[in-house]
Amino acid sequence: MRIIQTEKAPQAIGPYVQGRIANGFLFASGQVPLSPETGEVVGTTIQEQTTQVVKNISAILEEAGITADHIVKTTCFLKNMDDFVAFNEVYSTLFNEALPARSAVEVARLPKDVLVEIEIIASVTEA
């Protein structure tokens, strides 16, 4: 197994890593809209926060040497399902034509009271 760690995504705020590669897959911890530089929440709207989450995910993928086209599954946690359409508008910018399987659920509360968290599983070919 290999740990994925980049300064271009927020550092873990608990006892976990940004991502781990095992058996040909990257399992990335859920990303919330934290700035990698300050550790503070970025934005107040679902669009602003989802944009930051997409940036954080992209940084982890880059560190693993892959792109969003390698994502096979996402799990999306929303504070309010009424944000679903606006969330999707930004979420969809992460992908080209290769869309992953996905679950999206409304949750009562997320870390730092953010509006969105996304975790991914991606296929990785180790050299």
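Converting from the sequence shown to this note's numbering requires adding 328 to each position, the first position being numbered 1.
All C-beta atoms in this analysis are idealised placements derived from N, C-alpha and C, irrespective of residue type, glycine included.
This structure is a prediction, so every number in the text was calculated from the model and none was measured.
Once you ignore the five residues that flank residue i on each side, which residues in its own chain have a CB closer than 8 Å to its CB?
i: residue 452; result: 349, 352, 353, 354, 392, 393, 394, 398
i: residue 406; result: 374, 412, 415, 432, 433, 434, 435, 443, 444
Please report the residue range of the alpha helix (DSSP H) in which residue i lies.
i: residue 426; result: Residue 426 -> no alpha helix (DSSP H), and no H or E assigned at all.
Tell me whether residue i counts as near the ligand ADP, meaning its Cβ is closer than 8 Å to at least one heavy atom of that ligand.
i: residue 341; result: Among the ligands in the structure shown, none appear at all, so the ligand ADP cannot be discussed.
Ignore the nearest five residues each way along the sequence and tell me which others in residue i's own chain have a CB closer than 7 Å to its CB.
i: residue 376; result: 370
i: residue 331; result: 345, 348
i: residue 455; result: The pLDDT assigned to residue 455 is 49, lower than 50, so where the model puts this residue is not dependable; a value taken from the coordinates is nonetheless given after this. Contacts found: none.
Residue i lies in the beta strand (DSSP E); which residues open and close that run?
i: residue 354; result: 353-359
i: residue 451; result: 444-451
i: residue 350; result: 347-350
i: residue 332; result: 330-332
Using CA atoms only, rank isn't needed, just tell me which of the options is closest to residue i.
i: residue 367; options: 396, 340, 382; result: 340
i: residue 386; options: 429, 408, 439, 335; result: 335
i: residue 439; options: 358, 333, 337; result: 358
Which residue or residues does DSSP assign as beta-bridge partners of residue i?
i: residue 369; result: 362
Item to check | Whole alpha helix (DSSP H) elements within the segment 387-441, 4-residue minimum | outcome: 412-419
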